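The structure appears below as structure tokens.
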Amino acid sequence: MNKDRSFCIRALTLMYSSRFFEEKTELLFRQGLIHGTTHLANGQEASQAGLCMALGDKDWIVPTHRCHGFTICRGSSAYSMFSEMFGSSHGLAKGLGGSMHMPDKDHLNLGSSAVVGSGIPLATGIAFDMKYNGKEGLSVAIFGDGASGRGSLHESMNLASIWKLPVLFYCENNLYGMSAPSSAMISVPHVADRAQAYNMPGLTVDGNDFDAVHEACLNALSYIREGNGPYLLEVMTYRTKGHSKSDRRLYRSAEEEERWAQRDPIMLYENKLIENGILTADEISKIRNSCFEDIEKQASKALEDSSDRLTEQEALDLVYAP
Ligand SMILES: Cc1ncc(C[n+]2csc(CCOP(=O)(O)OP(=O)(O)O)c2C)c(N)n1
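Structure (structure tokens):
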């Protein structure tokens with residue numbers, strides 16, 4: 301465990317920010333202030349913060365439709381993300397994308413699309429560009445257990461292995477692809493077992509343990525940085541909300557949800573910090589409150605500014621830009 305106080309505060313801050321962002325998003329949807337759909341990642345904060353805190357400032361990520369937490373942890377402002385969902389021109393895609401489309405070039409985040417598995421070849425392409433044009437850094441293809449059955453992953457892993465590309469295949473296994481349990485959809489016990497077929501290392505770790513994720517990411521990234529080629533890392537986690545906002549979670553039991561609630565990644569990390577004498581309960585509660593207030597403030601400001609919209613012509617010019 302990294303016991304450096306400022307490191308731990310940063311980890312906690314990122315995880316709270318992701319959690320409060322999702323909670324606020326859910327509320328705004330219920331209030332009818334955001335339209336379309338959204339995919340919340342409550343319960344997956346250790347996976348998001350653990351990865352992003354291991355990345356360097358030349359490393360790119362390509363997230364999935366469940367992208368909010370990674371986008372926050374990579375450094376985008378909650379204001380620009382709420383603005384995106386309000387459809388305002390202050391959004392990361394100037395309000396043209398919504399919840400699933402939050403690219404942020406300044407924070408080396410290519411953004412995602414609604415097409416499951418489509419980001420994997422893009423991340424592999426970034427790694428190809430880096431290797432063949434001698435650029436620094438690496439790229440991370442983030443995908444779910446559901447996406448792991450798509451051909452795009454297998455084609456990308458094969459090429460990345462042959463060409464020894466600097467790419468981390470990062471599988472966030474939250475046990476379900478919509479209502480389909482990963483245990484019934486994947487032919488091997490762990491997604492990481494796929495690595496063997498493509499001649500690269502594969503590892504499965506506890507995705508609700510921030511330190512386990514962070515350490516595994518540091519190891520995988522340094523393997524890649526040394527020029528050894530790609531690495532497949534699978535983090536086991538659980539989305540505590542439904543797949544999207546219309547999902548009532550009828551395919552899983554209350555007992556299962558309760559079991560995972562006992563393994564809430566933020567709660568586990570808070571307990572660890574207290575047990576190790578790094579932060580007191582009082583200090584933790586101050587950090588939690590300040591993250592909550594910050595998200596509230598950014599959401600209010602984004603709502604206030606939400607009538608700033610692109611004109612139809614401005615939108616068309618962007619959509620059809622060369
Ligand atoms: C190519 C394609 N197939 C199916 C869908 C419908 N769909 C949207 S999300 C999803 C499940 C994805 O599961 P997973 O990759 O595990 O990610 P998670 O939603 O669990 O984060 C599916 C099947 C889609 N959007 N794109």
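For reference, each letter of the sequence shown is one residue, going 301 to 622 in our numbering.
From the three backbone atoms N, C-alpha and C, an ideal C-beta is built for every residue, glycine too.
Model, not experiment: these values are computed from the prediction.
Hey, is V513 close to ligand 1, as in C-beta under 6 Å from one of its heavy atoms?
For ligand 1, not one heavy atom lies less than 6 Å from the Cβ of V513.
Tell me whether Y379 sits in a helix, a strand or coil according to DSSP, three-state version.
helix
Among all the DSSP beta bridges, which residues are the ones paired with V505?
V535
Mind the definition here: the region 350 to 370 touches the region 511 to 528 only if three or more C-beta pairs lie below 8 Å; say whether that holds.
yes
Suppose the cutoff is 6 Å on Cβ atoms and the five residues either side in sequence are ignored; what does the same chain contact list for S317 look like?
Result list for S317: I372, C591, in chain order.
Do H407 and R374 have their C-beta atoms within less than 7 Å of each other?
yes
Which residues in the same chain have their Cβ closer than 7 Å to the Cβ of K303, if we skip the five residues on either side of it in sequence?
N576, I578
Do K601 and Y379 come within 7 Å of each other at the CB atom, strictly closer than that value?
Yes, the Cβ-Cβ distance between Y379 and K601 is below 7 Å.
When burial is assigned at 16 or more other CB atoms within 10 Å of the CB, is D582 buried or exposed?
exposed
Express the C-alpha separation of G395 and F329 in angstroms, rounding to a whole number.
16 Å
Let's see if you can read the secondary structure: which residues bound the alpha helix (DSSP H) around A520?
510 to 523
Could you have a look at I578 and say whether DSSP puts it in helix, strand or coil?
coil
Give a single yes or no on whether A447 has its beta carbon closer than 6 Å to a heavy atom of ligand 1.
yes
Can you give me the start and stop residues for the alpha helix (DSSP H) that Y316 sits inside?
305 to 330
Going by the C-beta, is M478 closer than 6 Å to any heavy atom of ligand 1?
Checking the Cβ of M478 against ligand 1 gives yes.
Can you tell me which of M400, G369, F382 puts its alpha carbon nearest to the alpha carbon of T338?
M400
Pick out whichever of A346, I334, F320, R319 has its Cα sitting closest to the Cα of C308.
Distance check between C308 and each of A346, I334, F320, R319 places A346 closest, using alpha-carbon atoms only.
Could you check how far apart the C-beta atoms of Y538 and L475 are, in whole angstroms? I think they sit under 8 Å.
6 Å
Please go through the region 443 to 484 and give each complete alpha helix (DSSP H) segment of 4 or more residues, from N-terminal end onward.
451 to 462
Counting along the chain, where does the alpha helix (DSSP H) carrying V619 start and finish?
612 to 619
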